[in-house]
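Using this note's numbering, read the sequence shown as starting at 15 and increasing by one per residue.
Don't be surprised by glycine CBs; every beta carbon is placed ideally from N, CA and C.
See structure below.
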Amino acid sequence: SMSFNRTLWRTTGEHISKEARAFANVGDEYSTFWTPVVNLAREPRWGRNLETPGEDPYLSGEYAASFVHGFQNNPEDPAHIMNSACCKHYVANEMDGSTVAGYHSDRDHFDAKVSMQDLVDSYMLPFQACVEKG
């Protein structure tokens, strides 16, 4: 995603969506998917950084919009979506588990202190783009 290649992001969404729809058509899956991951990669110990587009809010938002557009649009039946996407993991949810200096933190017991300005300027932008542009 570091390439700002919107065509690649959209095409990736299209191909994943076709496979997902095939599973749904035979009853092995539902048509709503928790994808794409658009969290900002700001915590190097978070185990899912490889799934994210990076730490830039604009890049993450553009990635989300392009991927979701490709994932949801159905070229053979434009009146209906192929699948529905749900960007994850909503706003500043980036702690799976970590132990530092003998102290263990995990997603169920960690309270991130994020300022309102950082929420608005950084963390919420990718999710806003996912909903409004995707």
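Quiz prompt | Neighbourhood of PHE18 by C-beta distance below 8 Å, restricted to the same chain and skipping five residues each side | solution = LEU73 and GLU76
Quiz prompt | Close beta carbons around ARG59, own chain, < 7 Å, minus the five adjacent residues each side | solution = SER112
Quiz item: Could you give the distance in angstroms between the alpha-carbon of VAL40 and the alpha-carbon of MET96?
Solution: 14 Å
Quiz item: What are the start and end residues of each continuous beta strand (DSSP E) run of 3 or more residues lying completely inside the segment 75 to 148, in chain order?
Solution: 111 to 114 and 117 to 120
Exercise. Pick helix, strand or coil for THR21, following the three-state DSSP scheme.
Key: helix
Quiz item: Ordered along the chain, which non-local residues of its own chain (more than five positions away) have a Cβ less than 6 Å from that of TYR137?
Solution: VAL105 and ALA106
Quiz item: Is there contact between the segment 115 to 133 and the segment 41 to 52, where contact requires at least three CB pairs shorter than 8 Å?
Solution: no
Quiz item: So, are the CB atoms of TRP48 and CYS100 less than 8 Å apart?
Solution: yes
Quiz item: Taking the C-alpha atoms as reference points, what is the distance between LEU133 and HIS123?
Solution: 20 Å
Quiz item: What is the DSSP secondary structure of THR151, reduced to helix, strand or coil?
Solution: The first residue shown for the chain is 15 and the last is 148, placing residue 151 beyond what the model contains.
Exercise. Could you name the residues of the same chain whose beta carbon sits closer than 6 Å to that of GLY27, not counting the 5 residues immediately before and after it, in chain order?
Key: PHE81, GLY84 and PHE85
Exercise. Give me the Cβ distance between ALA78 and GLY148, rounded to the nearest whole Å; I'm assuming they're in contact under 8 Å.
Key: 6 Å
Quiz item: Which value, in whole angstroms, describes the spacing of the CA atoms of GLU69 and PHE141?
Solution: 14 Å
Self-check item: Beta-bridge pairing of VAL51 - partner residues as DSSP gives them
Solution: LYS102
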